[in-house]
Amino acid sequence: MKGKDCVAIAADRRFGVNQGQTVATDFDKVFEMGPQLYCGLPGLATDTLTVRDRLKFRLNLYELREGRKMSPNVFCSMLSNLLYEQPVVAGLKPKTYEPFVCNMDLIGCMNEPEDFVVGGTCSDQLYGMCEALWEPDLSPDDLFETISQALVNACDRDAISGWGATVHIM
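First residue of the sequence shown? That's 0 in numbering that gives the first Met the number 0, and the numbers climb one at a time after it.
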């Protein structure tokens, strides 16, 4: 979710199987790819960790070759080429610190809106909550409150999401 000169990314912490059984309640779905670049990967735990490791490898290789930090736009293109289940990317552009959010559909088509993106098991509930709560130019504190309330309330309306949440503000 975008704010004024800031961006936030959040995810629940439930790891489950077969849409009903909870295996763990401390599984991270949002990963730091750089100081101002985070990626949220929903889906099967082993696939998520494998994709995270491949992304980190490609990101490090890019930064070594280019001698500069990777922008969120370039990261999205790289992730789109790798393709995974509806990933979400949030970050600040390196030179301008402009907020950036992006997600991809199942075939890798990128979506870069001006407000927010959602993904995962409770995405239907998240759309409604984010549309109701998001406002332009939110301060970091207001953005934290807005994204937290949207995620908590959406998870309350979805039986297979939840068990805590993680929020990152950049």
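C-beta atoms are modelled at their ideal positions from N, C-alpha and C, and glycine is treated no differently.
Computed from a prediction, not measured in an experiment: that's the story for all the values here.
| query | Who are the Cβ neighbours of TRP162 in its own chain at under 7 Å, not counting the five residues just before and after it? | reply | Cβ neighbours of TRP162 beyond the five flanking positions: ASP11, ARG12, ARG13, THR21 and THR24.
| query | Can you pull the DSSP bridge partners for ASN102? | reply | VAL87 and ASN110, per the DSSP bridge assignment.
| Buried/exposed call for PRO112, threshold 16 Cβ in 10 Å | Exposed.
| message | I'd like to know if the segment 144-162 and the segment 108-126 are in contact, where contact means that at least 3 CB-CB pairs between them fall below 8 Å. | response | Yes: the two stretches touch, three or more of their Cβ pairs being nearer than 8 Å.
| query | Cβ atoms of GLY90 and PRO71: under 8 Å apart, would you say? | reply | Contact: yes.
| DSSP bridge partner residues for LYS1 (one or two, in chain order) | According to DSSP, which records beta bridges pairwise, LYS1 is partnered with VAL6.
| said: On the CB-based measure, 16 or more other CB atoms within 10 Å of its CB, does SER160 come out buried or exposed? | reply: Counting of Cβ neighbours within 10 angstroms places SER160 among the buried residues, the total reaching 16 or more.
| Taking all protein chains shown into account, do 16 or more other C-beta atoms lie within 10 angstroms of the C-beta of GLY66, making it buried, or fewer, making it exposed? | GLY66 comes out exposed.
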